[in-house]
Amino acid sequence: MSIARALRARGRRAASRALHRGWEAVRKAGAVTAEQPGLLHFGALGPGAKFAFPTGTIFGERWIRIGAETGIGDHVSLSAGLAPGHDLGTRPIVTIGERCTIGRGSHIVGHHSIVIGDDVWTGPYVYITDQNHSYADPDQPIGRQWPVNDTVEIGDGSWLGAGAIILPGARLGRNVVVAAGSVVRGVVPDHSVVAGVPAKVVRRYDPATGWDPPLRNIPVGIPEGVTHEQLVALIEQAESRTSD
Ligand SMILES: CC(C)(COP(=O)(O)OP(=O)(O)OC[C@H]1O[C@@H](n2cnc3c(N)ncnc32)[C@H](O)[C@@H]1OP(=O)(O)O)[C@@H](O)C(=O)NCCC(=O)NCCS
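Residues in the sequence shown are numbered from 1045 upward in steps of one, following the numbering used here.
The structure is reproduced here in C-alpha cells:
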C-alpha cells in the first residue's frame, strides 16, 4: 500500500472513531431522565426512568406519567392530546408503570386514557392508541369527523411482541402475551397468549390445570440475582447481534 493510501485509511479510521465517540456522547447527553429532562415537563418521571436519545415526537407530557426505572427506547413517540399546547384537564392521559421497557420506534398515542401497568415489556415498533376517527357522516372527510375515544389498559407483567397494535378499548389483563404483529381489541384475560389479526386467544393458563394447550417449549428460568438493568442489557445485546 502506498504511503498516501495508508495515511488516508488512517484518517478514515480516526474520523470513524471520533464520529462514534461523539455520537455516544450525544446519546448520553440527550437521554431524558428526571435529572436531565431537557425541555420536557412530564407529569411524573420516576427515579431511574430514562428515554434513549433520539426520542420520537413527544408532546402533552404534563399529562404523561412514567414510573421508576422504566426504560424507553430511541425514536419512541409519546403523546397526550391532539397537538401540543392544549389544556387536557387535571387527570393523566397516559400512565406507564414502573420497570417497564418500551421498545424502540414504538408509538403511544393517548387522547383519553392509556394505562400501562408495572413490568410491561414491549418489542420494537408497537403502536398503542385510545382513539378512532368516527366515519358516520358520509359527506364529511373522515379526518374532519369528531374522533371517538375508549380507554386502553395493559395489565402488569404483560409482554407485547414486535409490531403489535393495541386498539382503542383494548383491556389486557395481567401477564398477557401479545404475539408479534397482532392487532388487539376487546378484553384479553389474565395469563393468556393472543395472536393474529384480529388477535385471538391461542393459549391460556388455568391455575388448576396449567397451560392449555400445553407449552411447546419449556422455558429456562432467569438466574437468581439478575437485576432489571442487567436483563435489559442482555436483551439489547441479543437484539444487536440479531440485527447485525
Ligand atoms: C407468541 C409467541 C411468544 C409464541 O408463544 P407460544 O405460546 O409459544 O405460541 P406457539 O408458538 O405455541 O403458537 C400458538 C399458536 O399461535 C400462533 N402464533 C404464534 N405467534 C404468532 C404470530 N406472531 N402471529 C400469528 N399467529 C401466531 C401459532 O401459529 C400457533 O397457532 P396454531 O396452534 O394454529 O399452530 C411468539 O410466536 C411471538 O410472537 N413472539 C414475539 C417475539 C418478539 O416480538 N420479540 C421482540 C422482542 S421483545
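All C-beta atoms in this analysis are idealised placements derived from N, C-alpha and C, irrespective of residue type, glycine included.
8 Å contact criterion, which residue i and residue j should meet: CB distance rounded
i: Glu1142; j: Ala1112; result: 5 Å
i: Trp1203; j: Trp1255; result: That pair is no contact at about 15 Å.
i: Gly1125; j: His1151; result: In fact, because the Cβ distance is near 14 Å, the residues do not count as touching under 8 Å.
i: Ala1223; j: Gly1201; result: Not really, about 16 Å apart at Cβ, beyond 8 Å.
i: Arg1148; j: His1130; result: In fact, because the Cβ distance is near 27 Å, the residues do not count as touching under 8 Å.
i: Val1241; j: Val1227; result: 4 Å
Option in the options with minimal Cα separation from residue i
i: His1177; options: Pro1185, Arg1148, Tyr1171; result: Pro1185
i: Ala1214; options: Gly1205, Ser1226, Lys1244, Ile1198; result: Ile1198
i: Ile1137; options: Arg1109, Gly1117, Ile1116; result: Arg1109
i: Val1245; options: Thr1195, Arg1229, Gly1187, Gln1281; result: Arg1229
i: Tyr1249; options: Asn1261, Asn1219, Gly1225, His1085; result: Asn1219
i: Gly1187; options: Val1196, Gln1175, Thr1195, Asp1194; result: Gln1175
i: Thr1173; options: Arg1049, Val1192, Tyr1179; result: Val1192
Residue range of the alpha helix (DSSP H) that includes residue i
i: Ile1047; result: 1047-1074
N-terminal and C-terminal residue of the beta strand (DSSP E) that residue i is part of
i: Gln1175; result: 1175-1177
i: Pro1191; result: 1191-1193
i: Tyr1249; result: 1244-1250
i: Thr1139; result: 1138-1140
i: Val1120; result: Looking at the DSSP string, Val1120 is not in any beta strand (DSSP E), and its letter there is neither H nor E.
i: Ile1152; result: 1151-1154
i: Ala1345; result: Nothing can be reported for residue 1345: it is not among the residues displayed for the chain, which extend from 1045 to 1288.
i: Val1220; result: Segment: none, Val1220 is in no beta strand (DSSP E) and carries neither H nor E.
i: Gly1254; result: 1254-1256
i: Val1159; result: 1158-1160
i: Ile1262; result: Run containing Ile1262: none; DSSP gives neither H nor E here.
Task: Segment contact, 8 Å Cβ cut-off, at least three pairs: the stretch 1225-1242 with the stretch 1256-1272 - done: No, the stretch 1225-1242 is not in contact with the stretch 1256-1272.
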